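Below is one structure, written out as structure tokens, with a few remarks after it.
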Amino acid sequence: MDLLLEQLFLFVVSLVANGLSAMAGGGSGLLQLPALIFLGLPFTMALATHKIASVALGVGASIKHLRAGNAEWRFALLILVAGLPGVVLGANTILAIAPQIAQISLGVLTVGIGLYSYFKKALGQEYQPRHRQPMGVLVGAVGLFFWGFLNGSLTSGTGLFVTLWLIIWFGFDFKRATAYTLILVGLFWNGTGAVTLALQAPVKWPWLPGLLLGAVAGGYLGAHFGIKYGNVLIKRVFEVITILVGVSLIGKSL
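Per numbering that gives the first Met the number 0, the very first residue in the sequence shown carries number 0; after that it's consecutive.
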């Protein structure tokens with residue numbers, strides 16, 4: 000019975016965390032990673048376990064977004080080619096470097112992007128393609144490499160930066176940007192980071208069934224509501240999640 004309650008609790012935490020993340024385009028670590036630490040896992044084990052579970056978010060959300068046709072494959076390839084080397088580098092770095100200063104800086108920056116979105120009322124509400132010439136794509140790729148590095152090293156909320164970067168630099172609306180983040184960051188970036196971390200840190204394998212089921216269900220439901228209610232809802236959820244993730248990162252670091 001205790002095992003059943005444990006799996007149910009993990010399922011609920013994962014469902015809520017990944018449902019909100021699927022609507023906002025990132026931030027599942029806001030609830031899931033601290034919950035694993037609260038339940039007694041050391042940081043490195045919690046990080047590796049969370050990273051593996053977060054891949055399932057990409058599975059659930061990808062099913063919904065691919066059916067809706069919210070992805071262009073040339074940008075999918077760009078995000079993979081530019082971001083994956085950063086993910087591997089970041090995942091190999093995080094276990095050797097104390098993350099406190101980086102977490103505080105990331106937390107302040109995350110709160111900042113939430114406030115930026117709140118005060119920029121028209122941000123991400125319309126699809127306005129830009130920076131598609133070679134130099135613009137190159138600058139965009141450098142940004143994606145940097146966010147990939149953060150994704151591999153500090154998992155909490157880094158997908159939110161990819162979402163905002165696609166909106167600000169490439170002119171996506173929130174619906175398209177979250178689709179790319181959830182499919183490519185959720186599946187491929189997180190998958191690469193999960194493998195890299197699992198080879199270096201222990202994983203709490205018995206906890207994964209509840210986390211994985213919750214992540215798949217949450218990813219699908221969050222993507223469903225995001226697609227159904229559109230950019231206005233996604234923008235509001237994005238703002239709430241970014242501010243909460245930022246405050247959480249700062250609080251954990253102090």
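Even glycine gets a Cβ: it sits at the ideal position worked out from N, Cα and C. A quick note: this is a predicted structure, and the numbers were derived from the prediction, not measured.
Rounded C-alpha distance that separates residue i from residue j
i	j	result
residue 172	residue 126	5 Å
residue 73	residue 4	44 Å
residue 47	residue 177	24 Å
residue 10	residue 134	44 Å
residue 196	residue 238	29 Å
residue 221	residue 59	9 Å
residue 159	residue 184	10 Å
residue 27	residue 132	33 Å
residue 218	residue 137	30 Å
residue 0	residue 108	Note that residue 0 scores a pLDDT of 47, beneath 50, so its modelled location is shaky and nothing firm can be said.
residue 190	residue 117	31 Å
residue 141	residue 25	20 Å
residue 229	residue 187	25 Å
residue 75	residue 252	34 Å
residue 55	residue 42	21 Å
residue 32	residue 120	31 Å
residue 249	residue 212	29 Å
Cβ neighbours of residue i in the same chain (closer than 6 Å, five flanking residues each side left out)
i	result
residue 129	170
residue 247	29
residue 53	27 and 189
residue 202	47 and 48
Close-in-space but distant-in-sequence residues of the same chain around residue i (CB under 7 Å, 5 per side omitted)
i	result
residue 113	238, 241, 242 and 245
residue 64	70, 178, 181, 182 and 222
residue 206	9 and 48
When the options are compared against residue i, the one with the closest alpha-carbon
i	options	result
residue 232	248, 122, 82 and 146	122
residue 13	7, 214 and 250	214
residue 139	111, 107, 250 and 79	79
residue 15	201, 209 and 40	209
residue 92	192, 205 and 212	192
residue 89	53, 251 and 150	150
residue 194	51, 62 and 25	51
residue 19	216, 105 and 111	216
residue 199	2, 44 and 6	44
Neighbourhood of residue i by C-beta, 8 Å cutoff - its chain only, sequence neighbours within 5 removed
i	result
residue 341	Residue 341 lies beyond the stretch modelled for the chain, which goes from 0 to 253, so this question has no answer here.
Ignoring anything shorter than 4 residues or poking outside the stretch 72-149, list the alpha helix (DSSP H) runs there in chain order.
-> Counting only runs of 4 or more residues that sit fully inside the stretch 72-149, the alpha helix (DSSP H) segments are 72-93 and 99-118, in chain order.
Can you list the alpha helix (DSSP H) stretches of 4 or more residues lying completely in the stretch 153-241, in chain order?
-> Scanning the stretch 153-241 for uninterrupted alpha helix (DSSP H) segments of 4 residues or longer gives 157-169, 173-179 and 189-197, listed from N- to C-terminal end.
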